[in-house]
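Chemist: One structure coming up, written as structure tokens, with questions to follow.
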Amino acid sequence: MNNLKVMKLTDCIFLERTPNFLAHSKLERLILHGCYKLVEIDKSICQLKSLVFLDVSHCGNLRRLPDEIGRDLKSLKYLYMIGCNSLERLPNTIGNFESLIELDIIDTGIKELPDFIGNLKLLNKLKIPKKGIKELPDSIGNLELLIELDISESEIKELPDSIGSLESLIKLNISSTIKELPDSIGNLKSLNMLDISRTEIKELPDSIGNLESLIWLYLSESDIEKLPDSIGQLKKLKVVEMTASNISKIPDALWAIEKLEVVGAMFVSDFNGEIGNCIYRNRSLKILSLQHGRIYAVPRLPESLIQLDLSKLYMDTFPDLSNLTNLKELYLTFVQCDSDGESEGPVEGDPMPLRIGSLHGESGGEFDGAVEKDLPRWIGNLSKLESLILKSPYVTALPTDISLLPRLKLLKLLCPNLRCLPSLPSSLSELDLESECVAALPTDMSSVPPRLESLLLTCPNLRCLSSLPSSLGYLALRKYKSGGSMEGEDLSNLKTLRSLDIYGCAFSEIRGLDRLENLQQLRLTIFDCGNLVEIQGGLPPSLYELKIERCGSLQKLPDLSSLKELREVYIRGCWKLNVEAISSFCSEKGVEFKGDKTNQREKTAHLDANSDMDLREKTDR
Numbered sequence: 001m002n003n004l005k006v007m008k009l010t011d012c013i014f015l016e017r018t019p020n021f022l023a024h025s026k027l028e029r030l031i032l033h034g035c036y037k038l039v040e041i042d043k044s045i046c047q048l049k050s051l052v053f054l055d056v057s058h059c060g061n062l063r064r065l066p067d068e069i070g071r072d073l074k075s076l077k078y079l080y081m082i083g084c085n086s087l088e089r090l091p092n093t094i095g096n097f098e099s100l101i102e103l104d105i106i107d108t109g110i111k112e113l114p115d116f117i118g119n120l121k122l123l124n125k126l127k128i129p130k131k132g133i134k135e136l137p138d139s140i141g142n143l144e145l146l147i148e149l150d151i152s153e154s155e156i157k158e159l160p161d162s163i164g165s166l167e168s169l170i171k172l173n174i175s176s177t178i179k180e181l182p183d184s185i186g187n188l189k190s191l192n193m194l195d196i197s198r199t200e201i202k203e204l205p206d207s208i209g210n211l212e213s214l215i216w217l218y219l220s221e222s223d224i225e226k227l228p229d230s231i232g233q234l235k236k237l238k239v240v241e242m243t244a245s246n247i248s249k250i251p252d253a254l255w256a257i258e259k260l261e262v263v264g265a266m267f268v269s270d271f272n273g274e275i276g277n278c279i280y281r282n283r284s285l286k287i288l289s290l291q292h293g294r295i296y297a298v299p300r301l302p303e304s305l306i307q308l309d310l311s312k313l314y315m316d317t318f319p320d321l322s323n324l325t326n327l328k329e330l331y332l333t334f335v336q337c338d339s340d341g342e343s344e345g346p347v348e349g350d351p352m353p354l355r356i357g358s359l360h361g362e363s364g365g366e367f368d369g370a371v372e373k374d375l376p377r378w379i380g381n382l383s384k385l386e387s388l389i390l391k392s393p394y395v396t397a398l399p400t401d402i403s404l405l406p407r408l409k410l411l412k413l414l415c416p417n418l419r420c421l422p423s424l425p426s427s428l429s430e431l432d433l434e435s436e437c438v439a440a441l442p443t444d445m446s447s448v449p450p451r452l453e454s455l456l457l458t459c460p461n462l463r464c465l466s467s468l469p470s471s472l473g474y475l476a477l478r479k480y481k482s483g484g485s486m487e488g489e490d491l492s493n494l495k496t497l498r499s500l501d502i503y504g505c506a507f508s509e510i511r512g513l514d515r516l517e518n519l520q521q522l523r524l525t526i527f528d529c530g531n532l533v534e535i536q537g538g539l540p541p542s543l544y545e546l547k548i549e550r551c552g553s554l555q556k557l558p559d560l561s562s563l564k565e566l567r568e569v570y571i572r573g574c575w576k577l578n579v580e581a582i583s584s585f586c587s588e589k590g591v592e593f594k595g596d597k598t599n600q601r602e603k604t605a606h607l608d609a610n611s612d613m614d615l616r617e618k619t620d621r
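So the sequence shown is numbered by full-length UniProt numbering: it starts at 1 and just counts up by one.
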């Protein structure tokens, strides 16, 4: 064993003290990861002159390392102490680790970073714990080879000016408690990633424009209120993320950065979503996502875009996107105009008025004096489009050209006044339709989209479900009001159906489910299926999950004893069902039962609103 080079004692949960290492003088790697009861490391570790790698991570009871360790282990390059929450200080000799490259003290109990940390001349990665350390020593600037500094989620409140001396620093993750960046940050000429997400920083210093190597800038969930014009000097910047930020306006200087590829923003303040006209000159922009910002006009956008997401469009017309022939994903959300039928700002784009309707409210597609519109025909030119999500109170029809989109896979239409669907592309695999006005599906639904696997319908006035494609694996019906029984809806051709959801439908009975050969999930959440009295006939033999909620009139279920694959039954808010008998049956058969254990109405009269299962979670972005 004299030639042993690697000793791995991972997860030796009963180890309280390491063995004597004198017999293993050639050891290069020592791994004590997860030895939770380890209290002491034998001092003989200091004789391991060849030790390069030491990992004592998640040794929760380890209180200290031998003080001599830094003096003797001249070859140590990697030291990991992650999760050693009982370890409150670094050994006094740590400054002597002249070969140390990586030091990770995340989630330790260390309360102070000693000044001699600056002696670790070869250190290139330093990660600071979340709690305890409240400041960085000025000597941090002596770490000339430091490549990565991670103080995210720590209690450090400010950065020393010496941070600007880290000429090799490539990646900097800032603490959430820091409120200001020093001007010296602009001296980090090698920095290509700056993450100040979840900080209290309100503005970036003008010197930020001197970060000539910066590629990624993350500002999400920060208090940043504005971007300096100097941001336009970041010639190599490719990605800017501003999710849940307080930024009120994006400067034109950002749009002018020629190598910019991704701008992602979701605003929490009253954001003015003005997009600079100079954006068209950008030939690299691939992803533009501006969510929850007031957008009054959309200028000509660069052809390089492959994903466009614009929500809160305060426009009476569609923007002209006909040139975006490389677009793969398009998400547009229009905000309804005011009572005069006018938006609250200027308009730019293709006029699409068909006629003025004397329409009102949300009752099936009527709103006073609003201009009705079709989706522009240029949509048919976007031959690479794969996903289209449109939310608009104005759209009443889709152009037939939509059927010409050869790659469209996802079509989500949240358009309450949409009156009909044209033929759909044969490539479509998922359709989510929400409309108060659609009364019928396309007659060729069963043949044209052979790849359609998922169909979600929130169409209260839909008259029938005839001609559904046999390729469906998932079918969801919401607020379906046709007739009093589902018996007339022939679903027997859906041989590959794996999941059927029925939400808030006006059925009094459901029949014929036993003809669905491959059905695996049946959820009658029925948040509002108050008319449902009985599920008649048998249930599919392959059924493994039965979920019924808020069916106050439901009195009877089919026999469950023949369902050999059944694994879970969930029943809640079904006052007239004998849930005690169902629960008892499940217990006998080894089937998991969830929900009400009795049918005492008062025990579940106040159902938690969070239990209202939102069918649309499946397709939310």
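The beta carbon of each residue, even a glycine, is placed where N, CA and C say it ideally should be. Note that the coordinates shown come from a computational prediction; the quantities given were computed from them, not determined experimentally.
Is the separation between the beta-carbon of LYS26 and that of LYS43 shorter than 8 Å?
Modeler: As a first step, residue 26 is located in the sequence shown; it is residue number 26 there, counting from the start. As a first step, residue 43 is located in the sequence shown; it is residue number 43 there, counting from the start. Contact flag unset, no.
Chemist: Going by DSSP, what residue range makes up the alpha helix (DSSP H) through GLY70?
Modeler: Against the sequence shown, residue 70 aligns to sequence position 70. It spans 69 to 72 - the alpha helix (DSSP H) in which GLY70 sits, taken as one unbroken run.
Chemist: Are LYS74 and GLU98 close, meaning C-beta to C-beta below 8 Å?
Modeler: Walking along the sequence shown from the start, residue 74 turns up at place 74. Walking along the sequence shown from the start, residue 98 turns up at place 98. Result yes, Cβ atoms of LYS74 and GLU98 sit closer than 8 Å.
Chemist: Looking at C-alpha atoms only, which residue of LEU48, LEU79 and ASP67 is the closest neighbour of ASP55?
Modeler: Locating residue 55 in the sequence shown gives position 55, where the first residue counts as 1. The shortest C-alpha separation from ASP55 is found at LEU79.
Chemist: So, is CYS505 buried or exposed, given that buried needs 16 or more other C-beta atoms within 10 angstroms?
Modeler: Counting from 1 along the sequence shown, the entry for residue 505 is found at position 505. When all chains shown are included, CYS505 counts as buried.
Chemist: Mapping the DSSP letters down to three states, classify residue 647 as helix, strand or coil.
Modeler: Look at the range of the chain in this structure, 1 to 621, and you will see that residue 647 is not part of it.
Chemist: Count the other C-beta atoms from every protein chain shown that fall within 10 angstroms of the C-beta of GLU617, then say buried if there are 16 or more, exposed otherwise.
Modeler: Residue mapping note: residue 617 aligns to position 617 of the sequence shown, counting from 1. Confidence at GLU617 is low in this model, with a pLDDT of 45, below 50, so its placement is unreliable and the value that follows should be read with caution. Per the 10 Å Cβ criterion, exposed.
Chemist: Is it right to say GLU592 is buried, meaning 16 or more other beta carbons lie within 10 angstroms of its own, or is it exposed?
Modeler: As a first step, residue 592 must be located in the sequence shown, where it is residue number 592. GLU592 should be labelled exposed.
Chemist: Distance, Cα to Cα, GLU602 vs LEU546?
Modeler: Reading the sequence shown from its first residue, position 602 is the one you call residue 602. Reading the sequence shown from its first residue, position 546 is the one you call residue 546. Since pLDDT at GLU602 reaches only 44, below the 50 mark, its modelled position is unreliable, and the value read off the structure follows with that caveat. Taking the straight line joining both Cα atoms gives about 23 Å.
Chemist: For PHE14, which three-state DSSP category applies?
Modeler: Within the sequence shown, numbered from 1, the residue matching residue 14 stands at position 14. DSSP places PHE14 in coil when its eight states are reduced to three.
Chemist: Which residue comes first and which comes last in the beta strand (DSSP E) that contains ILE481?
Modeler: For this step, residue 481 is matched to residue 481 along the sequence shown. Position check: residue 481 holds Lys in this sequence, whereas Ile was assumed. LYS481 -> no beta strand (DSSP E), and no H or E assigned at all.
Chemist: Using 8 Å for Cβ pairs, my map puts PRO319 next to VAL335. What's the rounded Cβ distance?
Modeler: Locating residue 319 in the sequence shown gives position 319, where the first residue counts as 1. Locating residue 335 in the sequence shown gives position 335, where the first residue counts as 1. Contact flag wrong, Cβ pair sits at about 14 Å.
Chemist: Determine, using beta carbons only, whether ARG71 and ASN96 come nearer to each other than 8 Å.
Modeler: Indexing the sequence shown from 1 puts residue 71 at position 71. Indexing the sequence shown from 1 puts residue 96 at position 96. In contact: ARG71 and ASN96 (Cβ atoms closer than 8 Å).
Chemist: Assuming the contact rule is C-beta atoms closer than 8 Å, LEU100 and LYS77 should be a hit. Round their C-beta distance to whole Å, please.
Modeler: Numbered from 1 along the sequence shown, position 100 holds the residue referred to as residue 100. Numbered from 1 along the sequence shown, position 77 holds the residue referred to as residue 77. The pair is a contact, with the Cβ atoms about 6 Å apart (cut-off 8 Å).
Chemist: Please state whether the Cβ-Cβ distance between LEU194 and SER213 is less than 8 Å.
Modeler: Taking the sequence shown and counting its residues from 1, one reaches residue 194 at position 194. Taking the sequence shown and counting its residues from 1, one reaches residue 213 at position 213. It is not a contact, given that the beta carbons lie outside the stated cut-off.
Chemist: Where in the UniProt domain "Disease resistance R13L4/SHOC-2-like LRR" (116 to 195) do unbroken runs of the beta strand (DSSP E), each at least 3 residues long, occur, reported from the N-terminal end onward?
Modeler: Here the runs fully enclosed are 125 to 127, 148 to 150, 171 to 173 and 193 to 195.
Chemist: According to DSSP, what are the bridge partners of TYR78?
Modeler: Residue mapping note: residue 78 aligns to position 78 of the sequence shown, counting from 1. BP columns for TYR78 point to PHE53 and GLU102.
Chemist: Nearest by alpha-carbon distance to GLN555: which of LEU285, LEU15 and SER508 is it?
Modeler: In the sequence shown, residue 555 corresponds to position 555, counting from 1. For the residues LEU285, LEU15 and SER508, the minimum Cα distance to GLN555 belongs to SER508.
Chemist: Measure the alpha-carbon distance for ALA476 versus LEU457 and round it to whole angstroms.
Modeler: By 1-based counting over the sequence shown, the position of residue 476 is 476. By 1-based counting over the sequence shown, the position of residue 457 is 457. Cα-Cα distance, rounded: 6 Å.
Chemist: In the DSSP assignment, what are the bridge partners of GLU430?
Modeler: Working through the sequence shown from its first residue, we reach residue 430 at position 430. Answer is LEU410 and SER454, bridged to GLU430.
Chemist: CA-CA distance, GLN291 and GLU225?
Modeler: Residue 291 sits at position 291 when you count from the first residue of the sequence shown. Residue 225 sits at position 225 when you count from the first residue of the sequence shown. Computed Cα separation, rounded: 16 Å.
Chemist: Could you give the residue range of the beta strand (DSSP E) that holds ALA244?
Modeler: Numbered from its first residue, the sequence shown carries residue 244 at position 244. Element bounds for ALA244: 239 to 245.
Chemist: Provide the residue(s) that pair with ALA397 in DSSP beta bridges, ordered along the chain.
Modeler: Against the sequence shown, residue 397 aligns to sequence position 397. Note: ALA397 sits in a beta bridge opposite ASP374.
Chemist: From ILE94 to ASP67, what does the alpha carbon distance come to, in whole angstroms?
Modeler: As a position in the sequence shown, residue 94 is number 94, starting the count at 1. As a position in the sequence shown, residue 67 is number 67, starting the count at 1. Computed Cα separation, rounded: 8 Å.
Chemist: Since ILE279 is in the alpha helix (DSSP H), which residue starts that stretch and which ends it?
Modeler: Within the sequence shown, residue 279 is the residue found at index 279, counting from 1. Counting along the chain, ILE279 falls outside any alpha helix (DSSP H), and DSSP gives it neither H nor E.
Chemist: Give me whichever residues DSSP pairs with GLU592 in a beta bridge.
Modeler: Translated into positions along the sequence shown, residue 592 becomes position 592. GLU592 is bridged to GLU568.
Chemist: Exposed or buried, what is ILE208 when buried is set at 16 or more other beta-carbons lying within 10 Å of its beta-carbon?
Modeler: Here residue 208 corresponds to residue number 208 of the sequence shown, with the count starting at 1. By the neighbour-count rule (16 or more Cβ atoms within 10 Å), ILE208 is buried.
Chemist: With distances taken from CA atoms, which of LEU462, GLU155, GLU153 and LEU103 is nearest LEU143?
Modeler: What you label residue 143 is simply residue 143 of the sequence shown in a count that begins at 1. The candidate whose alpha carbon is nearest that of LEU143 is LEU103.
Chemist: Determine the closest residue to CYS586 out of PRO129, TRP575, CYS574 and GLU565, with distance taken between C-alpha atoms.
Modeler: On the sequence shown, position 586 is the one that residue 586 refers to. Here the closest residue by C-alpha is GLU565.
Chemist: Would a C-beta distance cut-off of 8 Å place LYS312 and GLY264 closer than the cut-off?
Modeler: For the purposes of this step, residue 312 is identified with residue 312 of the sequence shown, where counting begins at 1. For the purposes of this step, residue 264 is identified with residue 264 of the sequence shown, where counting begins at 1. No.
Chemist: Would you identify the three-state DSSP class for TRP255, choosing helix, strand or coil?
Modeler: Residue mapping note: residue 255 aligns to position 255 of the sequence shown, counting from 1. The answer is helix: DSSP assigns TRP255 an H, G or I state.
Chemist: Just to confirm before moving on: does the CB-CB distance between LEU87 and LEU62 stay below 8 Å?
Modeler: Along the sequence shown, read from residue 1 onward, the residue named residue 87 stands at position 87. Along the sequence shown, read from residue 1 onward, the residue named residue 62 stands at position 62. Contact: yes.
Chemist: How is VAL438 classed by DSSP in three states: helix, strand or coil?
Modeler: The sequence position of residue 438 within the sequence shown is 438, counting from 1. Coil at VAL438, not helix or strand.
Chemist: Could you tell me the boundaries of the beta strand (DSSP E) in which ASP501 lies?
Modeler: Locating residue 501 in the sequence shown gives position 501, counting from the first residue. Taken as a continuous stretch (DSSP letters only), the beta strand (DSSP E) holding ASP501 covers 499 to 503.
Chemist: Alpha carbon to alpha carbon, how far is ILE178 from LEU410?
Modeler: Taking the sequence shown and counting its residues from 1, the one referred to as residue 178 is at position 178. Taking the sequence shown and counting its residues from 1, the one referred to as residue 410 is at position 410. Answer to the nearest angstrom: the Cα atoms are 42 Å apart.
Chemist: Should PHE527 be labelled buried (16 or more other beta-carbon atoms within 10 Å of its own) or exposed?
Modeler: Counting from one through the sequence shown, the residue named residue 527 turns up at place 527. By the neighbour-count rule (16 or more Cβ atoms within 10 Å), PHE527 is buried.
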